[in-house]
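Enquirer:
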Amino acid sequence: MNDRKSVAGGAVVAPSRRARSGRRLRSPHEAATGIAFVSPAILLLLIFFVVPIFFNLYISFTNYTPGTPAKFIGLRNYSTAARSSTFKHALAHTLIFAVATTIASAALGFTIACVLNQIRGRSFRFYRLAFYLPGLTSVSVSALLWLYLYDPQVGILNRLLVAVHLPPQQWLQDPHLALACIIAMAVWMSLGFSMLVYLGGLQNIPHEIVDAARVDGAGALTRAIRIIAPMLRPVTLFVSVVLFIQSMQVFSEVYIMTNGGPLDSTNTSVLEIYKTAFTDGEFGLAAAMSFVMFAMLVVLGLLGSLARRRSD
Amino acid sequence: MTTLAVPEAMSAPPRRRFRARRLALYLCLLVGVVITAMPVVYMLSTAVTPTSELRSWVPSHPTLGYFTQVFHKMPYGRDFLNSLLYAVGSNVLVVAVSTLCGFGLTRISFRGQRWLSWLVVALLLVPLQVEFLPLFLVIKHWPLAGGNDILGQHGHGLINNLWALILPAAASPLGIFLMRQFFLGLPTELDEAARVDGAGTWRIFWSVNLPLVRPAMAILSLLSFQFTWNNYMWPLIVASDSHVETLQLGVATFYSANQSAGLWQLYMAAAFITLVPLLVGFVFVQRYLTETFATVGLK
Numbered sequence: 001m002n003d004r005k006s007v008a009g010g011a012v013v014a015p016s017r018r019a020r021s022g023r024r025l026r027s028p029h030e031a032a033t034g035i036a037f038v039s040p041a042i043l044l045l046l047i048f049f050v051v052p053i054f055f056n057l058y059i060s061f062t063n064y065t066p067g068t069p070a071k072f073i074g075l076r077n078y079s080t081a082a083r084s085s086t087f088k089h090a091l092a093h094t095l096i097f098a099v100a101t102t103i104a105s106a107a108l109g110f111t112i113a114c115v116l117n118q119i120r121g122r123s124f125r126f127y128r129l130a131f132y133l134p135g136l137t138s139v140s141v142s143a144l145l146w147l148y149l150y151d152p153q154v155g156i157l158n159r160l161l162v163a164v165h166l167p168p169q170q171w172l173q174d175p176h177l178a179l180a181c182i183i184a185m186a187v188w189m190s191l192g193f194s195m196l197v198y199l200g201g202l203q204n205i206p207h208e209i210v211d212a213a214r215v216d217g218a219g220a221l222t223r224a225i226r227i228i229a230p231m232l233r234p235v236t237l238f239v240s241v242v243l244f245i246q247s248m249q250v251f252s253e254v255y256i257m258t259n260g261g262p263l264d265s266t267n268t269s270v271l272e273i274y275k276t277a278f279t280d281g282e283f284g285l286a287a288a289m290s291f292v293m294f295a296m297l298v299v300l301g302l303l304g305s306l307a308r309r310r311s312d
Numbered sequence: 001m002t003t004l005a006v007p008e009a010m011s012a013p014p015r016r017r018f019r020a021r022r023l024a025l026y027l028c029l030l031v032g033v034v035i036t037a038m039p040v041v042y043m044l045s046t047a048v049t050p051t052s053e054l055r056s057w058v059p060s061h062p063t064l065g066y067f068t069q070v071f072h073k074m075p076y077g078r079d080f081l082n083s084l085l086y087a088v089g090s091n092v093l094v095v096a097v098s099t100l101c102g103f104g105l106t107r108i109s110f111r112g113q114r115w116l117s118w119l120v121v122a123l124l125l126v127p128l129q130v131e132f133l134p135l136f137l138v139i140k141h142w143p144l145a146g147g148n149d150i151l152g153q154h155g156h157g158l159i160n161n162l163w164a165l166i167l168p169a170a171a172s173p174l175g176i177f178l179m180r181q182f183f184l185g186l187p188t189e190l191d192e193a194a195r196v197d198g199a200g201t202w203r204i205f206w207s208v209n210l211p212l213v214r215p216a217m218a219i220l221s222l223l224s225f226q227f228t229w230n231n232y233m234w235p236l237i238v239a240s241d242s243h244v245e246t247l248q249l250g251v252a253t254f255y256s257a258n259q260s261a262g263l264w265q266l267y268m269a270a271a272f273i274t275l276v277p278l279l280v281g282f283v284f285v286q287r288y289l290t291e292t293f294a295t296v297g298l299k
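Take a look at the structure:
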């Protein structure tokens, strides 16, 4: 007789046992199935994520260069990295870049989202696409475009400056301006993402509160700053964290547009690690640098959550 | 789209102020759009402007000549195919693998499951710079590939092979995490009803849960596609040879190779045709974007 409660291909489960263990069944067959489901992903993670991290740790204690066997040299790479002014400057540039990009992009995204949220229909979709357009461009495309805009001779920015009788700038070739130029481009590219996330967050704000404030006479700016922004704090946290982590890893923009110059003013940490490994061939030192950066990120993360806990 | 604003008439300002406010709103938006979208439009307009008219703002004799020049000088077709294989291949793989894993981590009970979930979350925090160097070495020393012996020595492994791009892209803690979170939000009653009816685990996954997690698969697919299509750094490191180079690499090398020519229209044309595929794709999926960000992004 066919017991309707048997699991196809597996053990027969008595009704009482099933009721007691809740929604999940435990049986050898079940465990094997579970492992089967997760193993492709976990295997990929192991090979391409977990193993590389430990491999990198090992390399950082050696003087590995492709072509010569690695020799264990202990912490020497770490002290070299700590003494390297190029690396320290790169770290500083990266931090400045990340902080500036995050703040500007989040603020602009929030502003645009607030304004855009009051429009609907076709116009809304048009504007949303228009603001997200920069985010769709890849780094190569953006880099070429902005190299063109920033070009001292034919670029439109200098043409605009000259048209209003202001002195033209060297932009990417000016050591004082180059980093700011790249920050501007990065903000341009990321404010679409920021805007989209804030738009999503604004959906969840009950409009009664905002309207009550408006009836009480609060102007648009006050409503935005005093009421909407605090209610969106989780969104701001999410956007800031994502943007910050992403910005700390900046590489392609700088590699294509300035390769770290002029005078190393746009050198960033990932670029420095890349150059140390692939141009200088010093994988060991590069690995050590990457862990120094990782440690810094961890410290920043801890400081961040401490600051948040104190402000609550 | 759920709406936010109450009709203006309820707060009773005079009609004229209402219209002026609306106008100011649109004006601000227009200025914003000028700053953000205009550079892209300018890129297109430059690409079709003959050199003689570069000084003016709008070309009166637009030309497609630069586009044809780009197609001749840049291996667009091959680069596009490589990008497509990379993007689609990794997309399919990461969605399949992550969905299976998400289901396995939430719907089935086995020893070590919680530990695996923690591992995935922990890996989310690992930054790129710690990964790319050793990953390069893993790819280079891949056993039995590219002339390598079984210990991965003496060859070049999977360097300059599309699999070097696809496989690491499928190893995505974010993908697994996304699918897992989504599965956690699904009700289990359907599972139990299916079990009562005698369905096996795979059947439950395929027929019951899979249709329900389509939105999450769509988001993952979109994120993955955008990331892989626009990726520059990783193809630069492992697949820069001309027969496997992706579109993004191709465009950048086209610029640096032809830099002496200084023909900006050519670069803008190349950049534009690199941008177009993703643009077209995005316009089609615009609808789902904001809603899914609202539900998923804030967990």
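Order-wise, the sequence lines are chains A and B. Going by our numbering, the first residue of the first sequence is number 1, and it counts up by one from there. Going by our numbering, the first residue of the second sequence is number 1, and it counts up by one from there. Note that beta-carbon positions come from the ideal geometry of N, C-alpha and C, so glycine has one too.
Quick check: the stretch 157-175 of chain A against the stretch 202-209 of chain A, are there 3 or more CB pairs under 8 Å?
Expert: No, they do not touch.
Enquirer: Along the alpha helix (DSSP H) that carries Ile273 (chain A), what are the first and last residues, could you check?
Expert: 269-274
Enquirer: Which residues, in chain order, does the stretch 34-53 of chain A contribute to contact with chain B at a C-beta distance below 8 Å?
Expert: Gly34, Ile35, Ala36, Phe37, Val38, Pro40, Ala41, Ile42, Leu44, Leu45, Ile47, Phe48, Phe49, Val50, Val51, Pro52, Ile53
Enquirer: Whole angstroms are fine: how far does the CA of Ala163 (chain A) sit from the CA of Asn160 (chain B)?
Expert: 48 Å
Enquirer: With Met179 (chain B) and Ala218 (chain B) assumed to form a contact (beta carbons below 8 Å), what rounded beta-carbon distance in angstroms separates them?
Expert: Contact check for Met179 (chain B) and Ala218 (chain B): beta-carbon distance about 12 Å, past the 8 Å limit, so the pair fails to qualify.
Enquirer: Could you spell out where the alpha helix (DSSP H) holding Leu129 (chain A) opens and where it closes?
Expert: 121-136
Enquirer: For Met339 (chain B), go through chain A and note every residue whose CB falls closer than 9 Å to its CB, in chain order.
Expert: Only positions 1 to 299 of chain B appear in the structure, and residue 339 (chain B) is not among them; the question remains open.
Enquirer: Of all the CB atoms in chain A, is at least one closer than 8 Å to the CB of Trp346 (chain B)?
Expert: Given that chain B is displayed from residue 1 to residue 299, the structure contains no residue 346 (chain B) and the question cannot be resolved.
Enquirer: Pull up the distance between the alpha-carbon of Val121 (chain B) and that of Trp115 (chain B), whole angstroms please.
Expert: 10 Å
Enquirer: Could you tell me how far apart the beta carbons of Thr315 (chain A) and Leu285 (chain A) are, in whole angstroms, since I believe they sit closer than 8 Å?
Expert: In the structure displayed, chain A extends from 1 to 312; residue 315 (chain A) sits before or after that span and is not available.
Enquirer: Please state if the CB of His89 (chain A) and the CB of Asn267 (chain A) are separated by a distance shorter than 8 Å.
Expert: Inclusion of Asn267 (chain A) and His89 (chain A) in the CB contact set at 8 Å is warranted, their separation being smaller than that value.
Enquirer: Between B:Thr51, B:Asn82, B:Leu23, B:Leu275, which has its C-alpha nearest Leu165 (chain B)'s C-alpha?
Expert: B:Asn82
Enquirer: Helix, strand or coil: how does DSSP classify Thr68 (chain A) here?
Expert: strand
Enquirer: Taking Cβ positions only, does Asn161 (chain B) come closer than 8 Å to chain A?
Expert: no
Enquirer: Any heavy atom of the ligand SAH inside 7 Å of the beta-carbon of Pro143 (chain B)?
Expert: With respect to the ligand SAH, the structure shown offers nothing to examine, as it has no ligands at all.
Enquirer: I'd like the list of long-range same chain contacts for Phe110 (chain A), defined as Cβ closer than 6 Å, with 5 residues on each side in sequence excluded.
Expert: Tyr198
Enquirer: According to the Cβ coordinates, are Ile176 (chain B) and Ser98 (chain B) closer than 8 Å?
Expert: yes
Enquirer: So is Gln129 (chain B) buried or exposed if we call it buried at 16+ other beta carbons inside 10 Å?
Expert: buried
Enquirer: Which residues in chain A sit within 7 Å of Leu104 (chain B), going by Cβ to Cβ distance?
Expert: According to the sequence as given, residue 104 (chain B) is Gly; it is not Leu. Going along chain A in sequence order, the residues near Gly104 (chain B) (Cβ under 7 Å) are Gly34, Phe37, Val38.
Enquirer: List the residues that DSSP assigns as beta-bridge partners of Thr62 (chain A).
Expert: A:Phe72
Enquirer: Which runs of the alpha helix (DSSP H) at least 4 residues long sit entirely within the stretch 172-212 of chain A? Give them in chain order.
Expert: Here the runs fully enclosed are 178-203.
Enquirer: So, for Asn148 (chain B): in the same chain, excluding its five sequence neighbours on each side, which residues have a beta-carbon less than 7 Å away from its beta-carbon?
Expert: His141, Trp142, His154, Gly155, Gly157
Enquirer: Among B:Phe272, B:Glu192, B:Val285, which has the Cα closest to the Cα of Leu64 (chain B)?
Expert: By alpha-carbon distance to Leu64 (chain B), the top candidate from B:Phe272, B:Glu192, B:Val285 is B:Phe272.
Enquirer: Pull up the distance between the alpha-carbon of Leu222 (chain B) and that of Leu124 (chain B), whole angstroms please.
Expert: 19 Å
Enquirer: Are the C-beta of Ala286 (chain A) and some C-beta of chain B separated by less than 8 Å?
Expert: yes
Enquirer: In chain A, which residues lie less than 8 Å from Pro127 (chain B) when you measure between Cβ atoms?
Expert: Neighbours of Pro127 (chain B) on chain A, chain order: Ile245, Met248, Gln249, Met293, Phe294, Leu297.
Enquirer: So which of B:Leu93, B:Glu189, B:Tyr86 has the shortest CA-CA distance to Ala41 (chain A)?
Expert: B:Leu93
Enquirer: Going along the stretch 151-180 of chain A in order, which residues come within less than 8 Å of chain B, judged by CB to CB distance?
Expert: Asp151, Val154, Ile156
Enquirer: At the 8 Å Cβ level, is Glu282 (chain A) part of the contact set with chain B, yes or no?
Expert: no
Enquirer: For Val244 (chain B), which option in B:Val33, B:Gly77, B:Cys28 has the closest C-alpha, if you only look at C-alpha atoms?
Expert: B:Gly77
Enquirer: At which residues does the alpha helix (DSSP H) containing Phe103 (chain B) begin and terminate?
Expert: 76-107
Enquirer: On the three-state DSSP scale, how would you describe Leu135 (chain B)?
Expert: helix
Enquirer: Just to confirm my understanding: we take Asp241 (chain B), look at its own chain, exclude 5 residues before and 5 after, and list those with CB closer than 6 Å. What are they?
Expert: Asn160
Enquirer: Just the chain A side, please: which residues come within less than 7 Å of Phe110 (chain B) by C-beta, in chain order?
Expert: Glu30, Ala31, Gly34, Ile35
Enquirer: Cutting at 6 Å between CB atoms, please list the residues of its own chain near Ala14 (chain A), excluding the five before and the five after it.
Expert: At Ala14 (chain A) the pLDDT is 43, less than 50, meaning the model places this residue with poor confidence and gives no usable figure here.
Enquirer: Can you find the residues in the same chain that come closer than 8 Å, C-beta to C-beta, to Ser16 (chain A), ignoring five residues on each side of it along the sequence?
Expert: Reliability fails at Ser16 (chain A), whose pLDDT of 44 lies under 50, so the model's placement of it is uncertain and the value that follows must be treated cautiously. Once the five neighbours on either side are set aside, Ser16 (chain A) has no close Cβ partner at all.
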